[in-house]
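Please read the structure below before turning to the comments.
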Ligand SMILES: Cc1ncc(COP(=O)(O)O)c(C=O)c1O
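In our numbering, the protein residues as written are 5 to 424.
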């Protein structure tokens, strides 16, 4: 049973947990609106990494104390990520980052493809969910890209339905766009993929800081996310359905175990960062318990955390979009109708007149406001929206540690920029 929310979102407590939010730049407190490329980490994460080095720094499976502690730490981090995904621990695979994991998985899946087998990708996706599948063209696979509806940067579902056929072996889809924030209807598309006999692979990197992932509900076959985008360290984590992790053959060294999930974790992992991943999940759970004292268990606490952070992010986001829409020369990409904000997350990309986004990001950066400019590796989308040759877009990402004051500072600085 879900708990009932009892307390308002305690932004002061949240910000206290993130020591780096106090950083000063040119006399201003930094406003971290750069979350889509990597969030800040709470002190629980840095403590866990330090603690690992002080108490558990050894390789795995040794017959001595620090190695045993390391093994226990990895098991508990896997259990934390299993709660995060809503799966069982041996369906959780740690790896270097989403891109590297996806290339490795694609290569393993590619062993079973025949020439003419098709893979569906999309124009909305980060290239890390396109290039690894395109690499299988070398084996004769045919890549079928799905287009978008330009007016609101959502997937063209009619095109998607046309592209998924009896020849489709895998559909590779992003949960949320890291450029325009669109959230895709994953569960619905998984049904279409499965009905055609295809596997469903989900890139949840951009969704993970904004919403609770539930691989059971989605029924996807694989899902990858990167803890450094949800308040943890720079690593990647894969969920794979047990049957697939057992059936597909990874490229691995012979002495490494064939058991799950070890057969997919090639070489020595960055174990200190795995300790940090567990701490990031536990930080979110702690936040959830503070928002709702009635929750039982970590998964429920995570649900409570995301319920609260989503509300907070969206309050800020509504204000940001409204004000920007009233600013002359601003062109926003993606959904702007507040009635449809459940279809998107709080990541906004726009252009301001003909200004190069790098110029705007530099101006903001000098005022301690951190945003991103460019294509963020969503190359197909940047080309489709015809901004690739013009420096891309300016991207503002709001996460739960951001404040209304930071949004106001951004808006004021943009007005100052435009009035120069
Ligand atoms: C949506 C999305 N997918 C994939 C990636 C690649 O993730 P990683 O850096 O872990 O390889 C990113 C990184 O920006 C991303 O935003």
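Backbone N, C-alpha and C fix where the C-beta goes; we use that ideal spot for every residue, glycine too.
Discussion item. Let me check you understand the geometry: is the CB of residue 210 closer than 6 Å to at least one non-hydrogen atom of ligand 1?
Written reply: yes
Item to complete: Following the continuous beta strand (DSSP E) through residue 399, name the residue where it begins and the one where it ends.
Response: 397-401
Worksheet item: Using DSSP with H/G/I as helix, E/B as strand and the rest coil, what is residue 163?
Response: helix
Practice prompt. Tell me, please, which residues DSSP counts as bridged to residue 376.
Written response: 399
Discussion item. Within 10 Å of its beta-carbon, does residue 285 have 16 or more other beta-carbons around it, so buried, or fewer, so exposed?
Written reply: buried
Item to complete: Only counting runs of 3 or more residues, tell me where the beta strand (DSSP E) segments fall wholly within the segment 341-396, in order along the chain.
Response: 351-356 and 376-378
Item to complete: Would you list the residues sitting across from residue 123 in a DSSP beta bridge?
Response: 147 and 174
Worksheet item: ligand 1 heavy atoms versus the CB of residue 110: any closer than 6 Å?
Response: no
Item to complete: Please specify which runs of the beta strand (DSSP E), each continuous and at least 3 residues long, are wholly inside the segment 188-241, giving them in chain order.
Response: 203-207 and 226-229
Fill in: Contact belief for residue 389 with residue 131 at Cβ below 8 Å, rounded distance in angstroms
Residue 389 to residue 131, Cβ: 15 Å. No contact.
Worksheet entry | Limits of the unbroken alpha helix (DSSP H) element including residue 281 | 275-295
Item to complete: Tell me whether residue 29 sits in a helix, a strand or coil according to DSSP, three-state version.
Response: strand
Item to complete: Give me whichever residues DSSP pairs with residue 335 in a beta bridge.
Response: 355
Worksheet item: To which residues of the same chain is residue 307 closer than 8 Å at the C-beta, ignoring the five residues directly before and after it?
Response: 6, 216, 292 and 299
Discussion item. Contact between the segment 65-83 and the segment 139-155 is defined here as three or more beta-carbon pairs at a separation below 8 Å; is this criterion met?
Written reply: no
Worksheet item: So does the segment 345-355 actually touch the segment 48-67, counting three or more Cβ pairs closer than 8 Å?
Response: no
Worksheet item: Roughly how many whole angstroms lie between the Cα atoms of residue 368 and residue 233?
Response: 22 Å
Fill in: Separation of residue 182 from residue 171, as counted between CA atoms
29 Å
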